[in-house]
Amino acid sequence: MVDSEAILIQRAQNGESKAVGELYMQHHEQIYRYVWSKVNDPNLAEDLTGEVFMRMVSRISTYHPTGVPFQAWLYRIARNLIIDHIRKAKSKPAVPLEDVPFIKDRSAGPAILIENKLTVEKLQEALKQIDHDQAEVIRLRFLVGLQINEVAERLQKTAAAVKALQHRGLAALRFSMR
Amino acid sequence: MEAEQILQARLERLEAGEAVDKIIAGLPEEESELLYLAAQIRTIPKPARNPVIVQAQYRKVVQAAKQTRAPSPLQFALKWLVPVGMALVLFAALAGIWGGINWLSNRNTAPEQIASSGGDLTKTPETVPTQAGGTTPTAEQIPTPNKSTGPQIATLQGVHGIVQVQNPDGSWATIQTAEVKAGQTFRTWSLSSAQLFFFDGSVVSLGANTSVEIESLNAQQDGPRLITLFQPYGETSHSVAPSLAENSSYIVHTPSATGEAKGTTFQVSVIADEGSSFAVVEGEVAVTGQQTTVDLTPGQITSIENNEDPSEPAFWVNAQGEVTQTGEVWIIGGVPYQTRAGTAFFGNPDIGDLVSVRGQLLTDGSRMADRIEILSQSFVNQFKIMGIVEAMGVMRWTVTGQEIQINDATQIDEGIEVGDQVLVRGVVQEGGALLTTDINSFQNETHFEFTGLVEQIKGSIWVISGKAIATNQETKISGDPEVGDLVQVKGRILPDGTWLAREIEKVIETDHFEFIGIVGSMNPWVVDGISLEVSKLTQKSSGIEIGSRVHVEGVVREDGTWLASAIQLLDEQTQLLIFVGIVDDVDPWVVNGIELDVTDTDRIGNIVEGSLVRVYVQIQEDDAWLVERIELIETDHFNGCIIFRDVVVAVSDEEITLQNGMDIPREVAEIFGNLDEGSESGVPVIVILCFRPNQEIIYARITVIDIESEPPPEPITEGKVTICHIPSGDPSKANTITVDESALAAHLAHGDSLGACDGSEGQNNDTQIDDKGDKKNDKNDKNNKGNKDK
Chain A
-14 MVDSEAILIQ RAQNGESKAV GELYMQHHEQ IYRYVWSKVN DPNLAEDLTG EVFMRMVSRI
46 STYHPTGVPF QAWLYRIARN LIIDHIRKAK SKPAVPLEDV PFIKDRSAGP AILIENKLTV
106 EKLQEALKQI DHDQAEVIRL RFLVGLQINE VAERLQKTAA AVKALQHRGL AALRFSMR
Chain B
240 MEAEQILQAR LERLEAGEAV DKIIAGLPEE ESELLYLAAQ IRTIPKPARN PVIVQAQYRK
300 VVQAAKQTRA PSPLQFALKW LVPVGMALVL FAALAGIWGG INWLSNRNTA PEQIASSGGD
360 LTKTPETVPT QAGGTTPTAE QIPTPNKSTG PQIATLQGVH GIVQVQNPDG SWATIQTAEV
420 KAGQTFRTWS LSSAQLFFFD GSVVSLGANT SVEIESLNAQ QDGPRLITLF QPYGETSHSV
480 APSLAENSSY IVHTPSATGE AKGTTFQVSV IADEGSSFAV VEGEVAVTGQ QTTVDLTPGQ
540 ITSIENNEDP SEPAFWVNAQ GEVTQTGEVW IIGGVPYQTR AGTAFFGNPD IGDLVSVRGQ
600 LLTDGSRMAD RIEILSQSFV NQFKIMGIVE AMGVMRWTVT GQEIQINDAT QIDEGIEVGD
660 QVLVRGVVQE GGALLTTDIN SFQNETHFEF TGLVEQIKGS IWVISGKAIA TNQETKISGD
720 PEVGDLVQVK GRILPDGTWL AREIEKVIET DHFEFIGIVG SMNPWVVDGI SLEVSKLTQK
780 SSGIEIGSRV HVEGVVREDG TWLASAIQLL DEQTQLLIFV GIVDDVDPWV VNGIELDVTD
840 TDRIGNIVEG SLVRVYVQIQ EDDAWLVERI ELIETDHFNG CIIFRDVVVA VSDEEITLQN
900 GMDIPREVAE IFGNLDEGSE SGVPVIVILC FRPNQEIIYA RITVIDIESE PPPEPITEGK
960 VTICHIPSGD PSKANTITVD ESALAAHLAH GDSLGACDGS EGQNNDTQID DKGDKKNDKN
1020 DKNNKGNKDK
């Protein structure tokens, strides 16, 4: 019998290690995809995903089921960890800007999107150019593979707002990649 | 409809698999471009998670969860209830387990040997570790290993589960046997293992979830032997053939260290992203980390965190016992073991479980666990009854005179009627009520469940850990399991013998198994075509014979072994119950909050409040729990012994000093052979040491190896030990026998000595004595013979 998530979380909060393991199994794939979509490095994403769940273990007693949904809580942990990581990485010598492989060609028309294979590097660079919320929706929808209502739950927004962000995000991205 | 609504509607068609060209029909150009862009983003290759890292993270997370919780007094009370025999067996385990030390060959050695411990010191390069597990061939079926066909070729065989070799294009090919060369990488999956044979006779055993690359290979016998391996993760055992040629080398690189050996037996364990450890049984290994090198001698281990230097060599220990505390410090068999980030856990062990632990004796006298693996799951609070259904109510049933409680969560097989034979399991509640979790019928169809490795999926037939499992439209498959995944399978064994799955669920950890089947063989144990390993912890009903119908349960170990904890005859009906708990009061008797009716205090002995006890209860018709007897469970038994070869460098009237730096007090040492005080250094010996939890050496047996005589003594061979047995203390009747390592301590205690008797020719050397001291004819013991031959 599969526990509902609320019961599973309660069991985990009661110190049942197997329940914590089940939470890991339920969420690690999506958290990994999300982290990868932000850092664009599969190995780093593996490490950070592990850290997300270690942080989940240490803080699960503070999670209130009546507050944000559990998935949203996990994504928040992941987002904070990624920010921490980027902050630390910035304090180290950075790659000179001219070495960044992606060069935007704003003169190219829409066809470039079809003729040139879109790489994750190009996409990541373009996502940096657009509004943060829009970029977050694009990542969750098309890189992580969540449905509109799932994105809404994780970002604590309405489905209508997510649809609007999705539309505006794609439009901004298209402009940014030209 | 607004633009974002239209876009979302079209995206849903895209996500449903419709072609983008069709979806954009009728859309303005700008909106079409957005859809094209979304379609392109969706096609960006997404990285898949590395299953090894997933497994490691899962364990780390579970372990961290355990460490954040303090052991509760209730858990510590070990309140459990088991059928007749099981507790006795566990008691025997607690009281008598002679420290397990055979972890070098644990993964490839029959669990009977593992559970009963013992070191494999005489494994020759030609020795093939025993294949064990539910899917492995029996000893007779294992092909005789062939050496590789040339010095630059190694033979990979003895494959169990899924083993793969990497192709030049980076893809992986699943193999059963292969010839591999320098530059090739191979890997094992969960519940899988393999052996690699080199031309010079060296052998590497790969455990589950292990990868090895042959970096360089020239295993010539007549010139310098050169073998270099890279092990990014997993566990390997190395039996390195001696090489007299100068410049010979046998090197194992890990991400954190390099170990170099010349003619030795050692093991390498690597946990991805954590570090590695090297441990030596025989010979020497030099281990180099970032900058420094440490030399390991027999019995020593070093750990190397990534980007660090090796730790100071420590002595490794291996023990078994019941877990009474988890967290940063685990208490196993009454002995505390520290854990660290790199401590590996297998089978999700928890309080109450019986586990094997291997670790290190640190210089401050404490113990550090490197690996803890479950051997038998806890029976905390659980009960099990086999019997006949006598009455069936909504909230209560009666099974063989015992009332059991039913609630909405109780899972009951369909079609059970009064008079049917059932297996009832559940939880003992405060006050002694029996709340039922499962009632399985074994009237016509029987229940099974186990964790296994998906090896093949052919239409409706899945091969899971070697067992063909049928599926149909009603089979619920969850987690999208694929070949190579671990799954838990539950289902029914149909009257025609088909194992039909009701559920197949992808899981991350191995777990228990249970099924009902017909005994096909009892040596080795085979039930319903499944090879079972048994240990001295395994509870076996008396009266089982070939053809008996039995219920089998146990744990699936990391190497794929099915280790039975109980093999129970279905005809057996249990009324006597046994449970373990803490004494709350002795007047009147209360254990674990359950009041007991004690009529014969003479049979109880000196037990005080707070003691951990085992209670034997006969449940009366009026539901009173009449105590047959209460036994005190001693929890402070020593449980660690190590065995190794070494060289004595000094002997005084107070202590014996070994080359590895260890001092052994004379007063606890038994010496066999000529080891005179003040004798010159360099006397080769075999040493057995047993410790108390406080590290005090309580027993040492030092046997001088007579290097002049040929063949040298063979104290230990694949779980068997050659001893000079003195029946009834009468030296005139001394005869040479081989016994299981688990029985060694008992034999030594009554005056037998390690090694063959002097002048044993002409004596009865064909007799073996099993754990119970029963004699049996060697010719009938094919299993033992098979092990030896390999």
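Those sequence lines, one after another, are chains A and B.
Counted from 1, the first sequence has number 48 at position 63 by our numbering; the numbering is strictly sequential.
Counted from 1, the second sequence has number 675 at position 436 by our numbering; the numbering is strictly sequential.
Even for Gly, the Cβ is constructed at its ideal location relative to N, Cα and C.
Computed from a predicted model, the values in this text were never measured in an experiment.
Contacts between residue 244 of chain B and chain A, judged by CB atoms closer than 8 Å, involve 148 in chain order.
Here residue 162 of chain A is buried, its C-beta having at least 16 other C-beta atoms within 10 Å. Using beta-carbon distances, residue 160 of chain A does not count as an interface residue toward chain B, since no partner is under 8 Å. Chain A has a Cβ within less than 8 Å of the Cβ of residue 297 of chain B. When the beta-carbon positions are compared, residue 556 of chain B and residue 597 of chain B come within less than 8 Å of each other.
Proximity of residue 797 of chain B to chain A, defined by a Cβ-Cβ separation below 8 Å, is not satisfied. Comparing alpha-carbon positions, the option among B/769, B/630 and B/695 lying closest to residue 723 of chain B turns out to be B/695. One Cα belongs to residue 255 of chain B, the other to residue 262 of chain B, and the distance between them is close to 11 Å. Close partners of residue 276 of chain B in chain A (Cβ separation under 7 Å): 98, 155, 158 and 159. Nearest Cα to residue 923 of chain B within the set B/896, B/885, B/903 and B/901: B/885.
Exposure of residue 891 of chain B is indicated by the presence of fewer than 16 other C-beta atoms within 10 angstroms of its C-beta. When secondary structure is reduced to three states using DSSP, residue 598 of chain B falls in the strand class. At a cut-off of 8 Å between C-beta atoms, residue 103 of chain A counts as an interface residue with respect to chain B. Listed along chain A are -3, 0, 1, 2, 3, 4, 5, 6, 42 and 45, each with a C-beta nearer than 9 Å to that of residue 304 of chain B. Counting only the Cα atoms, residue 59 of chain A lies some 31 Å from residue 546 of chain B. Judged by DSSP secondary structure, residue 154 of chain A falls within the alpha helix (DSSP H) whose first and last residues are 144 to 162. Of all residues in the stretch 276 to 295 of chain B, only 276, 277, 279, 280, 281, 283, 285, 286, 288, 289, 292 and 293 come within less than 7 Å of chain A when Cβ atoms are compared, listed by chain position.
Residue 445 of chain B is positioned such that its CB atom lies no closer than 8 Å to that of residue 400 of chain B. In the three-state scheme derived from DSSP, where H, G and I count as helix and E and B as strand, residue 679 of chain B is classed as strand. Rounded to whole angstroms, residue 283 of chain B and residue 108 of chain A show a C-alpha spacing of 9 Å. Bounds of the beta strand (DSSP E) holding residue 729 of chain B are 725 to 732.
Every beta strand (DSSP E) of 3 residues or more that sits fully in the stretch 605 to 642 of chain B is shown, in chain order, as 606 to 615, 621 to 631 and 635 to 638. Chain A places no beta carbon closer than 8 Å to that of residue 708 of chain B, leaving this residue out of the contacts.
Shown here, residue 489 of chain B sits in a strand according to DSSP, grouped into three states.
Beta bridge pairing from DSSP links residue 555 of chain B with B/599. The Cβ atoms of residue 673 of chain B and residue 650 of chain B lie no closer than 8 Å to each other. As computed with DSSP, residue 884 of chain B is found in a beta bridge with B/925.
Judged by beta-carbon spacing, residue 459 of chain B lies beyond the 8 Å limit of residue 425 of chain B, meaning their Cβ atoms are not closer than that value.
By the Cβ-count criterion, residue 607 of chain B is buried, with 16 or more other Cβ atoms from all chains shown falling within 10 Å of its own Cβ. No Cβ of chain B is located within less than 8 Å of the beta carbon of residue 138 of chain A.
The C-alpha of residue 837 of chain B lies about 13 Å from the C-alpha of residue 870 of chain B. A buried status is given to residue 758 of chain B, since no fewer than 16 other beta-carbon atoms sit within 10 Å of its beta-carbon.
Taking 8 Å as the CB threshold, residue 301 of chain B lines the interface with chain A.
DSSP links residue 33 of chain A through a beta bridge to no other residue. Taking a cut-off of 8 Å on C-beta distances, the stretch 573 to 580 of chain B does not touch the stretch 755 to 771 of chain B, as fewer than three cross pairs fall below it. The shortest CA-to-CA distance from residue 40 of chain A to any of A/28, A/55, A/52 and A/62 is the one to A/62.
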